[in-house]
Each structure stands twice: as C-alpha cells, then as structure tokens.
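Visitor: Before I ask anything, let me first share the structure, which is written out below as structure tokens.
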Amino acid sequence: MNDERIERRLAAILAGDVVGYSRLMGADEVGTLRALKVIRRELADPAVARHHGRIVKTTGDGILIEFPSVVDAVICAINIQRGMIARNACVPEDKRIVFRIGINVGDIIIDEGDIYGDGVNIAARLEALCEPGGLCISRTANDQIRDKLSLAFADLGEQTVKNIARAVGVYGVGAKDIAALAQEAELDAIETPAGERSRDHQRKTGAVGSPSVRDHEARPTLAVLPFDNLSRDDEIEGFCDGLAEDVTTAVSKFRWIKIVSRNSSFAYKGHSIDVRRVAGDLGVRYILEGSVRRAGHRVRITAQLIDGASGNHLWAEKYDRDYSNPFDLQDEITRDLVASLEHVLWVTLVRGDPHTGAPDPVLSPLRAAGWHIVELTHVGNRAAIACASSALEINPKSVAAYQYLANAYIAELFAGWTEDAASDIGNLMEAGRRATALSPADALSQCLYGVALSYAGNHDDGLACARRALALNSNSVNVLGPCGRVLTFYGEVREANQILERTLRLAPAHYFRAFFLSHMALNWLQLGEPERGLPLISEATKLKPEALCCYITQAQILQSLGRLEPAKGALSEAYRRRPDLNEGLVRAMFPYRDCLVSDRLVEALPIA
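Numbering (the working numbering), first residue to last: 1 to 608.
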C-alpha cells in the first residue's frame, strides 16, 4: 500500500500554445525556435515573474504556468498577448508567432514539480477553444476577476470539452479587444489607487530615463503568515490557522492589495523566520504576523505589520477577548484587524516616504492625488482634483481617480472651503456616478456615490448605496467613514455614530478624524445628549482649525447648552476665516434630509 501523501492545492492555471506551430517549423525550423527563445527571454519569462507565476513545463509549442492569483494570471496573459501584437507589427503574416491562451482556476495535484488534474485539463481545453491572439477563461476564473478588472470578457456559453464529464462555462476576449488596450497600467491601475502613466506620456514629458513609475506606485504586496500558538494548545492551533486564513480571504477583497495565497504563506508554519528573507522569497513588500495566547477563558491576540524591506514595524495591535465562542471571536478579530490593516497600507502607499514630500504630479498624478487627499486642506484638495484629472487623461477608466475626485469634493463641501457649491456638488455627482459605473461591485465607489447623492438631496438612493457598500465590504475604514456620513445626513444618527466610532477606533489617526468627530458631535445633539458631543467637537476644532464645519457645529452645541458667549465666539471665528459665510453655504455643508437640522444651524448664524 502506498502511504505517500498526495499534495493538492487551489491554483490558477495558464495553458498556452503557438498557432500553426507545425507550419512554422516546416517553413523555418531554426528561425522559429530562435524566435520562440527570444520571446521567452524578453517577454514571457519577465511577465510571468512579475506576476508571481511558476512555469511548470514547456513543450515544443506549448507552455503550462501556475499562478497563486487568477488576477495575476489574466493580467500576465493580456500583457503577453499585447506584447506579441507589438512584436508582430513588422513581421510578415506568414512568419508571425501567435499564441492561444486558456486560464482556469481549480484544484491541482503536484507531483515532482509537475501539476495534474481536471483544473489543468480544463485550462488546456480552453486554450484549444481560444481564437488566435485572444484569451479564454473558465466561468470560475471570470467570477473571481469580474469586479477587479474593467476588461469585459464575452460569455461564450457552456462548452462540452474532451475528457471532462461536465460542460464548462467559457468566457473570451478577442485579439482586437486586447489590442485596443493602451498600456499595462490600464489593467493594473483598475486595482490600484496609484496607477502609472503611459510610456507615451513619459516620452512627451522627457522622463523616459527616470526610474519606473511602477517602482514608486506598485500595489502593496502582502503575505499573512500563520499566527504563532504560544499556548501549545491544539484547539488554539486551529484558531490560529483559521484566523490567518480568514484574514487572507478578507484582504483579497480589496482590489488594490496583492496578497499571496494561503498555501504559499503556510509553508513557513512552525519555522523560525527572518521576515526580510521571507518577504524576498514570497516576492512581497509587507508581512503580517501575529500570535495567540490563551489563559482560561481569556485569549490575547497580537498582530504586527512589518515592512519586509527594512524590517521595521508599521503597525501593531493587541486584542484581549473572551474565548467562549471561538468562531464569533475569529470573525470579530478578522473584521477589526483587516480594517486597520487596509487603512495603514493605503496611507503608506499614498504618503510614501514622509521626508520626500508630495509625489511629482507629472510622473505620478494618481499617487499625487492621494497624497493631497490625505493632506486635507483647501489648497491640497484643489491640487488633488487637478492630479486626478490628469490621471484620467492617461487612463479614462481609472476608478481610483474618480474616487479621489469624489473625496476631494466631499472635503471641499463639508469643510466650507468650496467656492462654488453647486458646481462642486455636480462634479461630485459625476465622479461618484462614473466610479460606480466602472466598478459597480466596488464598495468604496458605492459609498462615495451615496455621499454624492446625499449632497444632491437624493437621500433615499444615497442610503441604498451606503447599505450596498456595507454589504459588499464592511471591513474597510475607507468605506465605513463615508457610510457613517450618509447615515448622518439621512437621520439614522445612532447607527451613524456606531459606524463612525468604529472607524476612529480602527484608524485613530484617520485624516478625516476632525470631520467624523464633527458628525458625531452633531448626532449626539440630535439624540438629545449635546454634552456628549462637546468634547468631540472641541477636539475637532483643534485638529482642523481651518474647517468651518467644526465652528458651526460647536456653536450649535454650545448654544443648546445655554453657553451663548462661547457659541458667539465659535461663529465669530468661522466668519473671521470666511467673511462671506452665508445661509446657502451652510445648507450646502449640512445637507440633512430633515431640513429642521439645517434650519437650526442657519438660525444660529445671527448671534455672531
């Protein structure tokens, strides 16, 4: 009896072959082999390495590649096909090398470096169905990339393929659609809040010799290592593994973070590791590691995010909880940990090295937009709008650019910095609408569109967007904050405060902290507890003294407490900072569904 353990894992499999290989070899055997070697060396191998693939084997006319991520597999395939289009432009048609590529996601068996199973067989059958120069993927693969890439695959229906008992759902994209894509960033920037400009743009600006924009703006790459069981408890061992697996799954929902598969990370389970070496082995920039320790009914969970390049800690948190219900605890810790992690990675991405200042708006317009969003000033917002608009000139399908535009207009309106409220509301609506149209299943796009609808007075649809965003991904600080804002304007103030409190607990240094505190303070006033809002708005005015919303909210709360002189002082400060403060601006800043809330804010103005 053979007791040898069979190794299995889930993977994305790419199968490719050369169209008309026998004809090409018959016409020019040496020249064809030489051309294929050059293509491998200059195009295929670098693309596979860049997207974390492993070449399993090659045959005369075929190649089999394994990827931990189907998104990486598809982007790699598209880039190879696009590279072949460019290479073939000056080659006689009868000598052109053209590939067919099929991609599937499935369970595979690994034996001495080779891979087997239905997952592999289906990828090979998809390749055979593919049109020359195109790409075919399975329904399973399409389901996983559908909300992550803007490239639309055509539904080719159910196909019966050789040696596969069930029909396979097939989706395809043709060579013409691939050729229409302008640049690699058009795929990658869809997933990244920091895209890269085109090579044509580099040539126009004379920056061809500068370092690659991708070096500065690549998506964060992350590995979640198995949590250490410090209690040597078998039950805690399962909890540790489940926690790492759940965190990996939850992080994979963020389209702009690249995370390695559980199988790759769990290879280090039980080993003493050098974080920098592991980061290099896995090809990631960031490592999340942690530990779990149990004492009776209590458990302590720690987590640390480490920069794999420097070995420095970027973030750490400790969770002390009751262990009576492990599954509920695992879900709770996953939600909180992932939300904090996402915010830290996003701020790290857009802010970069704090000593270098704002990114170059020509070299890196999208990242510059994010940098200015976090800056949160009137001048910064206008710079963010200009940078995001420049990014859209390069990539009109950049969801992140529209999201940055929406964020900037929201800040302009609520802070009272807007110079033309009606125009900014219109621009906010357009940015939210386009972001949602490009990526309807993106939670951030949905909640930002919800805020836009609220400012436009369409509170019912705004609330529907916020609910949809929370259903799509409630593990995002960037989603929670706008949803709390929508709920505030709608009048669901108790729920709004619960969401905003969680937002600030998970991201205490959130760049919108002063604005969220202002919302919470006014919500407590609506709930009849203005004294609970007073310390919140006092902190907000200190954090963001240039924001008019803080002084107007502070004056309203002080007035409700009978403290008329301090209320007058708060409004005087608002008028000092903006002498043209008027009823129209206040109503634009506070677009409540219940007009009485805005009326009371307006009525407080004369006391100054």
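Here a beta-carbon is modelled for each residue, glycine too, at the ideal position from N, C-alpha and C. Here the structure is a predicted model, which means the values were calculated and not measured.
1) Quick check on the burial criterion: 16 or more other C-beta atoms within 10 angstroms. Buried or exposed for His459?
2) Quick one, which of Val493, Asn497 and Thr436 has its alpha-carbon nearest Ala469's?
3) To which residues of the same chain is Ala179 closer than 6 Å at the C-beta, ignoring the five residues directly before and after it?
4) Looking at C-alpha atoms only, which residue of Gly290, Ala443, Val260 and Cys550 is the closest neighbour of Ile273?
5) Can you name the start and end residues of the alpha helix (DSSP H) that Ala408 belongs to?
6) Have a look at Gly16, Ala421 and Val120 and flag the residue whose alpha-carbon is nearest the alpha-carbon of Thr59.
7) Within a Cβ cutoff of 8 Å, which residues of the same chain sit near Ser264, ignoring the five residues on either side of it in sequence?
8) Label Asp424 either buried or exposed according to how many other C-beta atoms from any shown protein chain fall within 10 Å of its C-beta, with 16 as the threshold for buried.
9) From Leu337, Pro132 and Ala152, pick the residue whose C-alpha is nearest to that of Gln304; which is it?
10) When DSSP labels each residue in this structure, what does Leu376 get in the three-state scheme?
11) Starting from Asn263, trace the alpha helix (DSSP H) in both directions and tell me its first and last residue.
12) By the DSSP assignment, the alpha helix (DSSP H) with Arg139 in it spans what residues?
13) Tell me which residues share the same chain as Arg502 and place their Cβ nearer than 7 Å to its Cβ, disregarding the 5 neighbours each side in the sequence.
14) Taking contact to mean at least 3 C-beta pairs separated by less than 8 Å, is the region 108–115 in contact with the region 145–162?
15) Counting pairs of beta carbons, one from the region 585–593 and one from the region 450–464, are three or more of them closer than 8 Å?
16) Which ranges does the beta strand (DSSP E) cover as unbroken runs of at least 3 residues, wholly within the region 285–310, from first to last along the chain?
17) Do Pro361 and Ser390 have their C-beta atoms within less than 8 Å of each other?
18) Where Asn582 and Tyr575 are concerned, what is the direct C-alpha to C-alpha distance, given to the nearest angstrom?
19) So for Val168, helix, strand or coil by DSSP?
20) Three-state secondary structure (DSSP) at Arg34?
21) With a CB to CB cut of under 7 Å and the five nearest residues on each side skipped, what residues in its chain are close to Arg139?
22) Can you tell which of Leu345, Gln330 and Ser324 has its C-alpha closest to the C-alpha of Ala316?
23) Check whether the Cβ atoms of Pro46 and Val98 lie closer than 8 Å to each other.
24) Quick one: complete alpha helix (DSSP H) runs, 4+ long, within the region 226–286?
25) With DSSP as the reference, label Ile97 as helix, strand or coil.
26) Touching or not, the region 121–129 and the region 94–108, by the rule of three or more beta carbon pairs under 8 Å?
27) Determine the burial state of Glu29: buried for a count of at least 16 other Cβ atoms within 10 Å of its Cβ, exposed for fewer.
28) Taking Arg351 as the reference, which of Val71, Thr488 and Tyr511 has the closest Cα?
29) What is the DSSP secondary structure of Leu392, counted as helix, strand or coil?
30) For the region 61–122, which segments carrying the beta strand (DSSP E) assignment without a break, of at least 3 residues, lie completely within its bounds, in sequence order?
31) Label Ala73 either buried or exposed according to how many other C-beta atoms from any shown protein chain fall within 10 Å of its C-beta, with 16 as the threshold for buried.
32) If you check the beta carbons only, do Asn88 and Arg100 fall under 8 Å apart?
33) For Gln330, collect the residues of the same chain with a Cβ closer than 7 Å to its Cβ; drop the 5 residues on either side in sequence, then sort them by chain order.
34) Under a Cβ-count criterion, where at least 16 other Cβ atoms within 10 Å of its own Cβ denotes burial, should Lys258 be classed as buried or exposed?
35) Give every residue of the same chain whose Cβ lies closer than 8 Å to the Cβ of Asn478, excluding the five residues on either side of it in the sequence, and list them in chain order.
36) Three Cβ pairs or more, each shorter than 8 Å: is that satisfied between the region 487–500 and the region 513–522?
Guide: On the basis of the supplied data:
1) Your numbering for residue 459 matches position 459 in the sequence shown. Buried, because 16 or more other Cβ atoms sit within 10 Å of the Cβ of His459.
2) Here residue 469 refers to the residue found at position 469 of the sequence shown. If we check each option's Cα against that of Ala469, Thr436 comes out closest.
3) Numbered from its first residue, the sequence shown carries residue 179 at position 179. So the qualifying residues of the chain are Ile85.
4) Translated into positions along the sequence shown, residue 273 becomes position 273. For Ile273, the nearest C-alpha among the options comes from Gly290.
5) As a working note, residue 408 is residue 408 in the sequence shown. Start and end: Val399 to Ala415.
6) Counting from 1 along the sequence shown, the entry for residue 59 is found at position 59. When only C-alpha atoms are compared, the closest one is Gly16.
7) Here residue 264 refers to the residue found at position 264 of the sequence shown. Within the same chain, Cβ atoms closer than 8 Å to the Cβ of Ser264 are found at Pro68, Ala223 and Leu282, the five residues on either side in sequence being excluded.
8) Here residue 424 corresponds to residue number 424 of the sequence shown, with the count starting at 1. Its Cβ being crowded by 16 or more others within 10 Å, Asp424 is buried.
9) For the purposes of this step, residue 304 is taken as residue 304 along the sequence shown, with counting starting at 1. Comparing Cα positions, the closest option is Leu337.
10) Residue 376 sits at position 376 when you count from the first residue of the sequence shown. Reduced to three states, the DSSP call for Leu376 is coil.
11) By 1-based counting over the sequence shown, the position of residue 263 is 263. Per DSSP, the continuous alpha helix (DSSP H) segment holding Asn263 begins and ends at Arg262 to Phe266.
12) For the purposes of this step, residue 139 is taken as residue 139 along the sequence shown, with counting starting at 1. Counting along the chain, Arg139 sits inside the alpha helix (DSSP H) bounded by residues Arg139 to Ile145.
13) Sequence index remark: in the sequence shown, residue 502 carries index 502 (1-based). The residues Leu480, in chain order, have a CB closer than 7 Å to that of Arg502 in the same chain once the five nearest residues on each side in sequence are set aside.
14) Too few Cβ pairs lie closer than 8 Å, so no.
15) In the pairwise beta carbon analysis, the region 585–593 is classified as touching the region 450–464: at least three pairs are separated by under 8 Å.
16) Qualifying beta strand (DSSP E) stretches, in chain order: 286–295 and 298–307.
17) Working through the sequence shown from its first residue, we reach residue 361 at position 361. Working through the sequence shown from its first residue, we reach residue 390 at position 390. Pro361 places its beta carbon less than 8 Å from that of Ser390.
18) On the sequence shown, residue 582 is found 582 positions in, with the first residue counted as 1. On the sequence shown, residue 575 is found 575 positions in, with the first residue counted as 1. Going by C-alpha positions, Asn582 is about 9 Å away from Tyr575.
19) If you number the sequence shown from 1, residue 168 lands on position 168. It is a strand residue.
20) Counting from one through the sequence shown, the residue named residue 34 turns up at place 34. Note: Arg34 maps to helix in three-state DSSP.
21) By 1-based counting over the sequence shown, the position of residue 139 is 139. Correct list, in chain order: Gly169 and Tyr171.
22) The sequence position of residue 316 within the sequence shown is 316, counting from 1. Cα-wise, what sits closest to Ala316 is Leu345.
23) Residue 46 sits at position 46 when you count from the first residue of the sequence shown. Residue 98 sits at position 98 when you count from the first residue of the sequence shown. Taking 8 Å as the Cβ cut-off, Pro46 and Val98 do not qualify as a contacting pair.
24) You should have 234–251, 262–266 and 275–282.
25) In the sequence shown, counting from the first residue as 1, residue 97 sits at position 97. Of the three classes helix, strand and coil, the one that applies to Ile97 here is coil, per DSSP.
26) These segments touch.
27) Here residue 29 corresponds to residue number 29 of the sequence shown, with the count starting at 1. Its Cβ having fewer than 16 others within 10 Å, Glu29 is exposed.
28) For the purposes of this step, residue 351 is taken as the residue at position 351 of the sequence shown. The candidate whose alpha carbon is nearest that of Arg351 is Tyr511.
29) As a position in the sequence shown, residue 392 is number 392, starting the count at 1. Helix.
30) Correct list: 62–67, 99–111 and 114–116.
31) Walking along the sequence shown from the start, residue 73 turns up at place 73. Answer is buried; the Cβ neighbour count reaches 16.
32) Here residue 88 is taken as the residue at index 88 of the sequence shown, counted from 1. Here residue 100 is taken as the residue at index 100 of the sequence shown, counted from 1. The Cβ-Cβ distance between Asn88 and Arg100 does not fall below 8 Å.
33) Here the question's residue 330 lines up with position 330 in the sequence shown. The beta carbon of Gln330 sits closer than 7 Å to those of Phe239, Gly242, Leu243 and Asp246, all from its chain and outside the five residues before and after it, given in chain order.
34) As a working note, residue 258 is residue 258 in the sequence shown. Within 10 angstroms of the beta-carbon of Lys258 lie 16 or more other beta-carbons, which makes it buried.
35) Your numbering for residue 478 matches position 478 in the sequence shown. Within the same chain, Cβ atoms closer than 8 Å to the Cβ of Asn478 are found at Glu342, His343, Trp346 and Leu444, the five residues on either side in sequence being excluded.
36) Contact holds: three or more Cβ-Cβ distances are below 8 Å.
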